[in-house]
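These protein sequence lines map, in sequence, to chains Y and X. Reminder that position 73 of the first sequence reads as 831 in this note's numbering, one-by-one numbering, no gaps. Reminder that position 567 of the second sequence reads as 922 in this note's numbering, one-by-one numbering, no gaps. Beta carbons are placed, not taken as given, at the ideal position from N, Cα and C, and that holds for glycine. Here the structure is a predicted model, which means the values were calculated and not measured.
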Amino acid sequence: MSLLPLPSAAQAPGSYRFRSSLGQHLLVVQHSQIYDLPEQETDADISLDHALSQMLARTLDNEVSLDTLSLPTVQSLSLNVSSSCNLGCSYCYASQGNFEGKQSKGMDWEQARSSIDRLLAGANPQAPLTLGFIGGEPFVNRALIHQCVHYSAQLAQQRQLDLRYSVTTNGTLLRPEDHELLRRHRFAVTVSIDGGSVVHNRQRPMLNGKRDSFAAVIEHCQPLLDQPGMCKLAARATANSLSLDLGQQFDAIAALGFQDIGFSPLRSGSALALQEQDWPVYEQAMISLASRELQRALQGQQIRQSNFATALKQLHVGASSPYPCGAGGGYFSVASDGDWYACHRAIGNHDYRLGDRHTLDAPKRLHFLQERHVHAQTDCHTCWARYLCSGGCHQEKASRSEASCDYIRHWLTFCLQSYCELSQARPDYFTHCRPSPRASNPA
Amino acid sequence: MSLPDIIKLIPRNAAALRRTQTADSAITPVAGNPVSTRLESGVGNCYPGLEADLRNLERRFFPFLEVDIANTEIRIVAVDSTAVTAAALPDAVAQKYRDLALGISQNQPCIISRINGNFGPFGNHDLNIAQLRRPSATSTSTSASTSTAPPDAWTAVRLLPENTAISLTIRLGTRSISLEGRRSTYLSGTGSLAAMFEPGELTQSLCSPWTHDFRDCGCFYWASNHPDIAQPPTPDASEPGVPWLAAVPWERLDRSIGSTPPSPANTTPPEELGHYAINHQWQSLNFVLEGRETIRPYKPGKFTAVPLASREELQLYLRYAAGLELAAIQEYLSAAYSLRSPASLAAGSLRNRVAASFAELMRIAYGEMRHLRAVNNVLQSLNGPAYTPALQVAKTIPDAAGNQSPVRARILDRQAILDFLALEQSNQSADALYARIYATLRQPGFGSDADCQSIRYIMAEGQDHFETFENMQVWLQGFQPSQYLHQNLVQAPAGNSAYKALQTAYRNLLEKLYAGYQAGMPQGAVDINSARSDMVAANGFGSAARAVINAGFLLSFDTISDTRFTSVEPPPRL
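1. I'd like to confirm the pairing. Which residues does DSSP put opposite X:Asp481 in its beta bridges?
2. Between the stretch 741-754 of chain X and the stretch 668-687 of chain X, do three or more beta carbon pairs fall short of 8 angstroms?
3. Measure the C-alpha to C-alpha separation of X:Asp423 and X:Val432 and round it to an integer number of angstroms.
4. Quick check: the Cα distance between X:Leu868 and X:Asp882, rounded to an integer number of angstroms?
5. Please report whether the beta-carbon of Y:Cys1138 lies at a distance below 9 angstroms from any beta-carbon of chain X.
6. Does the stretch 783-794 of chain Y come into contact with the stretch 1154-1163 of chain Y, if we say contact requires no fewer than three beta-carbon pairs (one atom in each stretch) closer than 8 angstroms?
7. Three Cβ pairs or more, each shorter than 8 angstroms: is that satisfied between the stretch 992-1011 of chain Y and the stretch 1028-1038 of chain Y?
8. Which same chain residues, not among the five before or five after Y:Tyr1177, have their C-beta less than 6 angstroms away from its C-beta?
9. Chain C partners of X:Ala441, CB-CB under 8 angstroms?
10. Which residues in chain X sit within 7 angstroms of Y:Cys979, going by Cβ to Cβ distance?
11. Mind checking Y:Asp794: buried by the 16 CB within 10 Å criterion, or exposed?
12. Measuring only the C-alpha atoms, how far is X:Tyr541 from X:Phe417?
13. Who are Y:Tyr793's beta bridge partners in DSSP?
14. Closest Cβ-Cβ distance between Y:Ser790 and chain X: below 9 angstroms?
15. Could you check what DSSP says for Y:Phe1066 in three-state terms: helix, strand or coil?
16. Do Y:Tyr849 and Y:Leu1024 come within 9 angstroms of each other at the CB atom, strictly closer than that value?
17. Looking at chain X, which residues of the stretch 1072-1092 of chain Y have a Cβ within less than 9 angstroms of any of its Cβ atoms?
18. Return the bridge partner residues of X:Asp882 from the DSSP annotation.
19. Alpha carbon to alpha carbon, how far is Y:Val975 from Y:Thr930?
20. Between X:Ala371 and Y:Leu818, what straight-line distance do the alpha-carbon atoms span, to the nearest angstrom?
21. Can you name the residues of chain Y whose CB is closer than 9 angstroms to the CB of X:Ile459?
22. When the Cα atoms are used, what is the spatial distance from Y:Ala911 to Y:Arg933?
23. Would a check of beta-carbon distances place X:Lys363 closer than 9 angstroms to chain Y?
24. List the DSSP bridge partners of X:Asn894.
25. Can you check the stretch 620-660 of chain X for any beta strand (DSSP E) of at least 3 residues that lies completely inside it and give the ranges in chain order?
26. X:Tyr872 and X:Phe912 - do their beta-carbons sit closer together than 9 angstroms?
27. X:Leu716 and X:Leu767: beta carbons closer than 9 angstroms?
28. Would you call the stretch 583-593 of chain X and the stretch 643-656 of chain X in contact, with 3 or more CB pairs under 8 angstroms?
29. In angstroms with no decimal places, state the Cα-to-Cα distance between X:Ala906 and X:Phe642.
30. Check whether the Cβ of Y:Cys1147 lies closer than 9 angstroms to any Cβ atom in chain X.
31. What span of residues does the alpha helix (DSSP H) with X:Ala690 cover, start to end?
32. Could you check what DSSP says for X:Met827 in three-state terms: helix, strand or coil?
33. At 3 residues or longer, what runs of the beta strand (DSSP E) sit wholly inside the stretch 1112-1154 of chain Y?
34. Nearest to X:Thr440 by alpha carbon, out of Y:Pro796, Y:Gln1063, Y:Val839, Y:Ser834?
35. Starting from the beta carbon of X:Thr437, find every residue of chain Y whose beta carbon is closer than 9 angstroms, and list them in chain order.
36. Counting only beta-carbon separations shorter than 9 angstroms, does X:Ala369 have a partner in chain Y?
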């Protein structure tokens, strides 16, 4: 690893004072430290908070500095195994896997095998590895998925590597043999489902003329929901300007049996993207839903809203990162032609192409990481949430707005408050939390 | 705008906790600061409570309340409203605390009138605090033994076990308020004092700084980790001479450092600082490190011994170490018995010093027997079934000049003490025998933890023996050897009956030790204990030694031809 200095802006706030039902708290921005404050007559004392944050901001030996740029080993790789899809989602970033003609065919075995070999050969064996499948709909090319899993699992076992798998699917094409594959290996399965039948069918129609994609998801995912085996099943719903009744959507998905349900706002690339006036509505809906989940947690139940559950656990461990994901760092996505891209959403985008089937372009990779570091985002210089949000998705930087950033800060404030209250009332909830590597967040 | 004097941050998440748990912020031992300086270590003191007023531990026995305790009254003086709020109590309970806080702020008397709980030996009680009584001096023994309640309020609170359920009845003005909770614990989960205690709270109400309190106490009253006597600071950094080894009062009035040391504590002690002078001049009291008042920068020694090259070399070193212990036993015994019998001396200082010197020499000789066994334990651990006891005496022994001298009978003259000091000190240096053995055993695959501890034990006792010989040097320095030694001792002829009896007794010791070591523990305990008994019994080895001395002969030991007990050479590179 090489380390390059990348200092933060001088005006960047070092702390954020917030209040929960327990009283006042201080978030020291560096490394996301949370402290309880004694009650005082005045709510805010800028000079005091500034002094405290400076005293506490140092980086410990076992922490990664936020002011330097490092080049980690590649630990996660996603393979674009297919370039087509059986659904016609109106807001698909990938044009159903075709990426507007830049990925016109699926991946072949030789391409996949060489990518797997490269991942296993170059990764840090002390850390987990992840092999992901993405595309269009990955199970359009199910034979390749099966072959890749069997090959890589055997290789990882020989080398004593902790190899895990992930797949993002619309859930409509799963067959019994696919269920068995997912059950037998440590798969993180993300099913794209937007809500009840009305919402889902409207937004994710079948291309074969049949309209009821929702019924297809139920039919083909139910066996996994009933018997997940080693896989972890999660639902991911897209929120757009026409579907902001998140509570209703959440309940419909939960009724199917999903215990892990997350929302992703549609920010760009479609006429349905959230507009300025939509963000407050989305924020209210998210916080309202999370409040319900918080009450469940206080009564001893698990939090099912994955946005909220993940945020709480990340706050507990003090997760703090200058990047929103591992793109270009520990994560790459391989196009069907063998080119390596920093992100699976950027297939065909020259700026994100950082390597080919043989090698990574080190100077370009370094430049990419320098450019995407949160310290290089001028809009983030005055934000206390810069290491929790990390500037947001690289692909959506153009859609960043004051309204969407206000949403982030308000959401995180709610999460901070909730963390303090939940950790006070139910410290056991966090007993088994461990710092976990930041997983890539496929769309 | 200046910062507040005090602000207390309580870590909430893992990232904040890491700041208080990392190496550079954790409480770690440093040179010159014994662990007993922490209040939690007060139990190490012979008389706990002298570092703090232990009564203050009970001021916060009930959650969120601070109390003053008199004999028959417990007055609530403060409510920790912040903690009450943070605890998210049921509103009805929180309201009670708010009422108490308001009443206190309005100067209403706030008295705990009853405590219901478990009072240890007195059992479960609902105590009326105002009615607690000490047993009357005129009570008969029968009525005194039937006391059924704690004698006073503090004792009652003290008896409540930590974390047990208790309930209070509180009189606030004309109101009666009941509270239930768990008796607070003294320590937090990390072994430190609970966070509820405010800085300085436990030491308030001590009458004076501890240096003031202890001046007039006899030295046995205080824990050994507090200096009342110490070796004085030396004028320069050179090795101090014998006069500087005597301990002097630490709080002496004359703080100057002259060319001669202050009067020792065991003669006519110099005048000490007065009580209030201690308070005013506390900064003139020197730090005591390794038994000496230190005025120059302290540099702790570093252990830099070079490990031995091989297991074979380690075996050689260990066997020679055992031989050296045996050689030391021989020389120490002969020196001990060269002292005149205390009974033959006139009562007085010299008689006491001779008696003390003899006793200490014998104690050290017994210690060497333990070292001998410790080395054999290590050899047994390393060799397993192939082990044979190491009881061959060293052929040579280090002396004060740094040479290897033949093992011989000694009389306790000045040269002998210097040689003994050199022998014990040699075990401490980095290139010494045990240091290299220890460094080798610590390497992975060489020795177990128990083996390392055995060698460390020997090295530590060597330090103790060194200091004892220093003391002996001081005790005898004012006298001529002719005053305390048997005169004109000569080598005994081989045929002398007393001499032969001594050799037989010594041989028997070795035989028993060999059998005991060979059998290992616990089977060998009988033989080993029998050997030790022979050493100390009045009609055992001691009587044989006395017979030789009384005949006018040196106490010496013949070389034994048996290969189990013959001489052993030093390792080549030692």
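The relevant details are as follows:
1. Here residue 481 of chain X refers to the residue found at position 126 when the second sequence is read from its first residue. Bridge partners of X:Asp481: X:Asn471.
2. Contact between the stretch 741-754 of chain X and the stretch 668-687 of chain X is present, because at least three Cβ pairs lie under 8 angstroms.
3. Against the second sequence, residue 423 of chain X aligns to sequence position 68. Against the second sequence, residue 432 of chain X aligns to sequence position 77. One C-alpha to the other measures close to 7 angstroms.
4. By 1-based counting over the second sequence, the position of residue 868 of chain X is 513. By 1-based counting over the second sequence, the position of residue 882 of chain X is 527. Taking the Cα positions, X:Leu868 is about 6 angstroms away from X:Asp882.
5. The residue you call residue 1138 of chain Y lines up with position 380 of the first sequence. Not closer than 9 angstroms to any Cβ of chain X, the Cβ of Y:Cys1138 fails to qualify, so no.
6. Segment contact: the stretch 783-794 of chain Y against the stretch 1154-1163 of chain Y, fewer than three CB-CB distances shorter than 8 angstroms; contact not assigned.
7. At 8 angstroms Cβ cutoff, the stretches touch.
8. Working through the first sequence from its first residue, we reach residue 1177 of chain Y at position 419. Closer than 6 angstroms at the Cβ level, and outside the excluded window around Y:Tyr1177, lie Leu1070, Leu1073.
9. You won't find chain C in this structure, because its protein chains are Y and X.
10. Start at 1 with the first residue of the first sequence, and residue 979 of chain Y comes out as number 221. Chain-order list of chain X residues neighbouring Y:Cys979: empty, with the shortest C-beta distance near 35 angstroms, by a criterion of under 7 angstroms.
11. Position 36 of the first sequence holds residue 794 of chain Y. Buried is the label assigned to Y:Asp794, since at least 16 other Cβ atoms lie within 10 Å of its Cβ.
12. As a first step, residue 541 of chain X is located in the second sequence; it is residue number 186 there, counting from the start. As a first step, residue 417 of chain X is located in the second sequence; it is residue number 62 there, counting from the start. Straight-line spacing of the CA atoms in X:Tyr541 and X:Phe417 works out to 11 angstroms.
13. Residue 793 of chain Y sits at position 35 when you count from the first residue of the first sequence. Residue pairing by DSSP puts Y:Tyr793 in a beta bridge opposite Y:Leu784, X:Pro366.
14. For the purposes of this step, residue 790 of chain Y is identified with residue 32 of the first sequence, where counting begins at 1. So, interface residue.
15. Numbered from 1 along the first sequence, position 308 holds the residue referred to as residue 1066 of chain Y. In this structure, Y:Phe1066 counts as helix in the three-state DSSP scheme.
16. If you number the first sequence from 1, residue 1024 of chain Y lands on position 266. If you number the first sequence from 1, residue 849 of chain Y lands on position 91. Yes. Within cutoff.
17. The residues in question are Leu1073, His1074, Val1075, Gly1076, Ala1077, Ser1078.
18. Taking the first residue of the second sequence as 1, we reach residue 882 of chain X at position 527. Residue pairing by DSSP places X:Asp882 in no beta bridge whatsoever.
19. The sequence position of residue 975 of chain Y within the first sequence is 217, counting from 1. The sequence position of residue 930 of chain Y within the first sequence is 172, counting from 1. Using only the alpha carbons, I get a separation of about 5 angstroms.
20. On the second sequence, residue 371 of chain X is found 16 positions in, with the first residue counted as 1. On the first sequence, residue 818 of chain Y is found 60 positions in, with the first residue counted as 1. Spanning the alpha carbons of X:Ala371 and Y:Leu818 requires a straight line of approximately 11 angstroms.
21. As a working mapping, residue 459 of chain X is identified with position 104 in the second sequence. Contact annotation for X:Ile459 against chain Y: no contact, minimum CB-CB distance about 17 angstroms [criterion: below 9 angstroms].
22. Counted from its first residue, the first sequence places residue 911 of chain Y at position 153. Counted from its first residue, the first sequence places residue 933 of chain Y at position 175. Approximately 21 angstroms, taken between the alpha carbons.
23. By one-based count along the second sequence, residue 363 of chain X stands at place 8. Judged by the 9 angstroms Cβ criterion, X:Lys363 is in contact with chain Y.
24. Counting from 1 along the second sequence, the entry for residue 894 of chain X is found at position 539. Note: X:Asn894 sits in no beta bridge, so no partner.
25. List check, beta strand (DSSP E) in window: 642-644, 647-649.
26. Position 557 of the second sequence holds residue 912 of chain X. Position 517 of the second sequence holds residue 872 of chain X. Contact flag unset, no.
27. For this step, residue 716 of chain X is matched to residue 361 along the second sequence. For this step, residue 767 of chain X is matched to residue 412 along the second sequence. Yes, they are a contact pair.
28. Judged by Cβ distances under 8 angstroms, the stretch 583-593 of chain X makes contact with the stretch 643-656 of chain X, as three or more pairs qualify.
29. On the second sequence, position 551 is the one that residue 906 of chain X refers to. On the second sequence, position 287 is the one that residue 642 of chain X refers to. C-alpha separation (whole angstroms): 51 angstroms.
30. The residue you call residue 1147 of chain Y lines up with position 389 of the first sequence. So, not an interface residue.
31. Here the question's residue 690 of chain X lines up with position 335 in the second sequence. For X:Ala690, the enclosing alpha helix (DSSP H) covers residues 666-693.
32. Here the question's residue 827 of chain X lines up with position 472 in the second sequence. Reduced to three states, the DSSP call for X:Met827 is helix.
33. Taking only runs of at least 3 residues, no beta strand (DSSP E) segment lies wholly in the stretch 1112-1154 of chain Y.
34. Here the question's residue 440 of chain X lines up with position 85 in the second sequence. Checked all of Y:Pro796, Y:Gln1063, Y:Val839, Y:Ser834; the closest Cα to X:Thr440 is Y:Pro796.
35. For the purposes of this step, residue 437 of chain X is taken as the residue at position 82 of the second sequence. Neighbours of X:Thr437 across chain Y, judged by C-beta separation under 9 angstroms: Gly781, Pro796, Glu797.
36. Your numbering for residue 369 of chain X matches position 14 in the second sequence. Under the 9 angstroms criterion on CB atoms, X:Ala369 is classed as interfacial with respect to chain Y.
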